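Its first residue numbered -11, the sequence shown is counted upward by one per residue in this note's numbering.
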Amino acid sequence: MDTSLTAPPAPAGSRIAGPGRRRGFGTLLAVDLWERFSFFGMAAILVLYLTASKARGGMAMAPQSATAVFAAYMSLSFMAGLPGGWLADRVLGARRAVLLGGSLIACGHLVLAAPWAGSLYPGLLLVVAGTGLVKPAMAAMVAELGGEGPGRREAAFSLFYVCIQVSALVAPVVTGLLAERIAWHLGFAAAAVGMLAGLLQFTLGMRAFGEVGVRPPRPVGRAALAAVLRKVCAVLGLLGAVAAPLAVLGALPVNGVLAVLGLTTVGLPFAYLRALRRRTETPRAAPGTGRGDTAEDGSGRRAEDTDGRTRAGDTVPRAGVRPGTKPGADSDTGTDVHPRTGTGLGTGTRTGECTEEYAGAGTDVYAGAATGSHSGAGTRVHPGADADEYAGAGGQGARARLGAFTAMMAASAAFWMIFAQGGSALSLFADRHTDRALLGFEVPASWFQSLHPLFVLLVAPFLARLRVGAWQRVGTPMKFAGALAAAGTSFVLMAVAARLAEDGPVGPYWLVLVYLLYSCGEIALAPAGLALAAAVAPPGSTSRFLAVNGLFGAVGVVVGGQLYRLTAVLPLSVYFLLVGVFVLGVGTAVALGARSLTRRLAAG
């Protein structure tokens, strides 16, 4: 789901000279390559390890449970960037976040490499927590070190994206060979070595970063941080009080936990969208009333003066000036762009004129293109904007756009439902039903995971050329429909392959074609989804709408993992056919409603 996008100029205090910038940027690319090597290397062998027999050193887990565990791990990795990005931006700073997150990832892989059964879930949780810290922090540093100007920033994120694909291409080859041919735990150890190499390179090259990432760009106040910590500790304490006794007694229902996680993941984006809708429809008072665009300090309290009242006409010093403005200015003119890596969460509070907070992981864009002014007690006026949307009445146009956006995101979840099964269902098919003999050598099943990044690297330049011409004129709904058609067709082909496999292993070309189809689908849908979120979001809310895009991706991942449980009662060919036909149906519905969706997305 990564794509190269534009970033804001680096803060003045963080700018460094050209040679130093190049060294720092090169170091970051190398570190990201190692971090992604560890991530994709472990992901390529996880399901195979979980389902391998005890005699082969595996966990002997049922395929249905193994795919559910894999889906839970991947969906948590999607969502971990939300709190991780907030910590990097508000508490730790990017540099400390990378060091802490990388250490957690390395520890997680080492725990997985330990030859004892209880290492699985602690190891996975450590990797998830570390990934949530590393990805947004790395993207923020790449944005600052990539160079001045939109063109250089786009090139920087293009290189960043290529590094991800190169890692995804190489990692399964290395970890898969070690895990499947020697010992599973060696595969996890190789992933740990990759992360440790990245940490070492990051530490040795830290001098080239200058002041980049030393301090959090928008540090949170002590009172707000204490309030957040109290809430987190309360939630963790409650969960621990329930789960710890069950875990000690060996009665913790893993399938029940996975089911609860799945329901939470499915409900989260809809609850988040509802909150965003209420926020955009909250009435705002006229300038000078003191109640227009009031601030919060992170703990939910409005900004107040010493006697506890918010005074009309007070101006609160601005924290976090947008690109295109000057500190202390009363107006914004320019385009706001805020890249992140992964899924973004904007907690978007405003203090007086405008204090905004963002956290993200994956590839995010904050592309608000806001032109406006501030008056009174921070009430914001957006010239040319939909008066209903920004002045508080909500407006039919805003509601129509939000409804169409929700429908599009739900449709994208159907695509990610198939896409995420590349590391689970398709990996198991490669292991159990595919003839992998090649010139007397049996190709490890995990090596098929390298097909997706290979096709992305081969196909992406071709589609990039199309985007300049005919592809650019294709509407977003039709791009989604095409991606869904490709994904659905891939599973219909898998149904045919699974039916043939009932009589014996099938050739590898079935999987090659399937990976090609949904790789093309990802290239079509992922950038379009990010661009759609950025286009629909009101000024100041783009990161939050990009968070929704990532959360619906997590929905697809976790639903796909749970759906695979149907193979316990259905033949594999029937399962692939049902899922493929369903996704084709979703794609057809999007295509038939493309004109209406396009009109609603452009409403207002």
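Beta carbons: idealized from backbone N, C-alpha and C, even for Gly. A quick note: this is a predicted structure, and the numbers were derived from the prediction, not measured.
Span separating the alpha-carbon of residue i from that of residue j
i	j	result
LEU534	ILE170	42 Å
ALA645	VAL571	Residue 645 falls outside the range modelled here, since the chain spans only -11 to 592, and no answer is possible.
GLY348	GLU132	Confidence at GLY348 is low in this model, with a pLDDT of 36, below 50, so the placement of that residue should be treated as unreliable; the coordinate-derived value is given next. Spanning the two alpha carbons is a distance of roughly 15 Å.
LEU554	ALA54	13 Å
VAL99	ALA117	14 Å
ARG262	ARG387	11 Å
LEU147	ALA18	11 Å
PHE66	LYS123	10 Å
THR464	ALA521	11 Å
CYS221	ALA229	12 Å
GLY29	TYR506	20 Å
PRO204	LEU224	25 Å
ALA50	LEU256	28 Å
VAL545	ALA59	6 Å
LEU589	ALA395	11 Å
CYS151	GLY14	11 Å
ALA595	GLY12	What is shown of the chain runs -11 to 592, which leaves residue 595 out entirely.
ASP20	GLU490	42 Å
LEU518	GLY548	22 Å
LEU213	LEU70	16 Å
LYS219	ARG266	23 Å
VAL494	ARG420	10 Å
ALA474	GLY573	12 Å
VAL502	LEU121	33 Å
Coil, strand or helix - residue i by DSSP
i	result
ARG306	Any reading at ARG306 needs caution, since the residue's pLDDT is 39, under 50, leaving its predicted position unreliable; the model's value is listed next. Reduced to three states, the DSSP call for ARG306 is coil.
ALA582	helix
LEU426	strand
VAL543	helix
VAL593	The structure shown does not extend to residue 593, since the chain spans only -11 to 592, so no value can be given for it.
VAL524	helix
VAL431	coil
VAL536	helix
VAL494	strand
ARG78	helix
THR329	Low per-residue confidence applies at THR329: pLDDT is 37, beneath 50, and the placement is therefore not dependable, though the value from the model is reported in the following sentence. Looking at THR329 - three-state DSSP - the assignment turns out to be coil, as it is neither helix nor strand.
ARG203	coil
PRO559	coil
MET30	helix
THR298	At THR298 the pLDDT is 41, less than 50, meaning the model places this residue with poor confidence; the figure from the coordinates comes in the next sentence. Looking at THR298 - three-state DSSP - the assignment turns out to be coil, as it is neither helix nor strand.
THR321	Reliability fails at THR321, whose pLDDT of 37 lies under 50, so the model's placement of it is uncertain and no value is given.
ILE511	helix
ILE170	coil
PRO160	helix
VAL208	coil
LYS46	Looking at the sequence provided, one finds Gly at residue 46 rather than Lys. Residue state, collapsed to three classes: coil.
Same chain, Cβ closer than 7 Å to residue i, five either side skipped, listed in chain order
i	result
LEU565	VAL480, ALA483
PRO677	The question about residue 677 has no answer, for the chain in this structure spans -11 to 592.
MET183	TRP22, GLU23, SER26, GLY90, ILE93, ALA94, HIS97
ALA31	GLY411
LEU165	PRO432
PHE468	MET396, ALA399, SER400, LEU513, ALA516, VAL578
VAL543	THR253, VAL254, PRO257, ALA401
Burial state of residue i (16 or more Cβ within 10 Å)
i	result
GLU510	buried
SER41	exposed
GLY497	What sits at residue 497 in the sequence shown is Tyr, not Gly. Looking at its Cβ environment, which holds fewer than 16 other Cβ atoms inside 10 Å, TYR497 is exposed.
ARG389	buried
THR593	The shown model of the chain, from -11 to 592, leaves out residue 593, and the question about it has no answer.
TRP104	exposed
GLY106	exposed
PHE259	A small correction: the amino acid at residue 259 is Ala; Phe does not occupy that position in the sequence shown. Flag for ALA259 reads exposed.
ASP423	exposed
GLN384	exposed
PHE450	exposed
ALA485	buried
beta-carbon residue i near the ligand PLP non-hydrogen atom, thresh 7 Å
i	result
VAL494	With respect to small molecules bound, the structure shown includes none, and the ligand PLP cannot be examined in it.
Residues of its chain near residue i, where Cβ-Cβ distance is below 8 Å and the 5 sequence neighbours each way are ignored
i	result
LEU174	ALA101, LEU166, ALA167
LEU605	Here the chain comprises residues numbered -11 to 592, so residue 605 is not present and cannot be evaluated.
ILE33	PRO160, THR163, GLY164, ALA167, GLU168, TRP172, GLY175, PHE176, SER434
Beta-carbon proximity list for residue i, same chain, < 6 Å, skipping 5 on both sides
i	result
PHE436	ALA418, LEU499
GLU430	ARG424
ALA128	ALA82
TYR61	LEU112
GLY193	THR15
The segment 570 to 589 in contact with the segment 408 to 416 per 3-pair CB rule at 8 Å: No: the two stretches stay apart, fewer than three of their Cβ pairs being nearer than 8 Å.
Any 3 or more C-beta pairs closer than 8 Å across the segment 428 to 445 and the segment 156 to 172: yes
Cβ pair count under 8 Å reaching 3, the segment 539 to 559 against the segment 74 to 88: No, they do not touch.
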